[in-house]
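Student: Here you go, one structure.
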Amino acid sequence: MNIQKTLLLSLIIISCGPISTKNENKEKSIKWFLKEESILGTTYAKFGLVKENNKFYHNEKVIQLEDENHSYHYEIFDNKFILISIFNKPNIWSSPNLIPKDSLYIYELKKEKKSFISLKKTRFAVNKKELKNYYYKNVNMNDKFDYYFAIDSINLDTNELFLIDPNFKLIKQNLTPIN
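The opening position of the sequence shown corresponds to residue 1 in this note's numbering, with each subsequent residue numbered one higher.
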């Protein structure tokens, strides 16, 4: 009977895993704007953002004017950069992961800088871990297909966007500054 109790107790301890008080998931990732805070989402108000009357504001400064012929999708990367994807109406995308990045503006909250890039055939994975879930082995990339990339880092001082491609190689993209 003691052996069974010991074995059962060992299984419980092993299944619980190590106890850690640190936040180990500090990976940079994309979050979507939702009505309330969650694991995948955040709110406009948390970052001083407001969207009204076809205008998108940061601390009362207009950072994006919307026109009625396009759809706009707003995300935040690393709690520092607003990603603004612009695409033709109607919005047929069933998930934010499927929204193309053909026309992408990047706005840095702290420095209030904005840049642009057109990333044809590109979709964004939320983070590097999710990118690994899309591609289990090397990908023979073909220009005819869309692929998921993960953002590694953004530097609007040097106008550089660093992406991780499906083969987990770092790709540098040059951004165009917007005044």
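No residue lacks a Cβ here, since even glycine has one placed at the ideal position from N, Cα and C.
Using DSSP with H/G/I as helix, E/B as strand and the rest coil, what is Ala-45?
Tutor: Correct three-state label for Ala-45: helix.
Student: Going along the chain, which residues of its own chain have a beta-carbon closer than 8 Å to the beta-carbon of Asn-159, five neighbours each way excluded?
Tutor: Excluding residues within five positions, the ones whose Cβ falls inside 8 Å are Ser-115, Asn-174, Leu-175, Thr-176, Pro-177.
Student: Determine the direct distance from the alpha carbon of Lys-128 to that of Phe-168, and round the result to whole angstroms.
Tutor: If you take the alpha carbons of Phe-168 and Lys-128, they lie about 9 Å apart.
Student: Where Ile-82 and Ser-29 are concerned, what is the direct C-alpha to C-alpha distance, given to the nearest angstrom?
Tutor: One C-alpha to the other measures close to 12 Å.
Student: Roughly how many angstroms separate the alpha carbons of Phe-162 and Lys-137, rounded to a whole number?
Tutor: Answer to the nearest angstrom: the Cα atoms are 21 Å apart.
Student: Any idea if Leu-170 is buried or exposed, counting beta-carbon neighbours within 10 angstroms, 16 or more meaning buried?
Tutor: Exposed.
Student: Specify the secondary structure class of Lys-132 as computed by DSSP and reduced to three states.
Tutor: Note: Lys-132 maps to helix in three-state DSSP.
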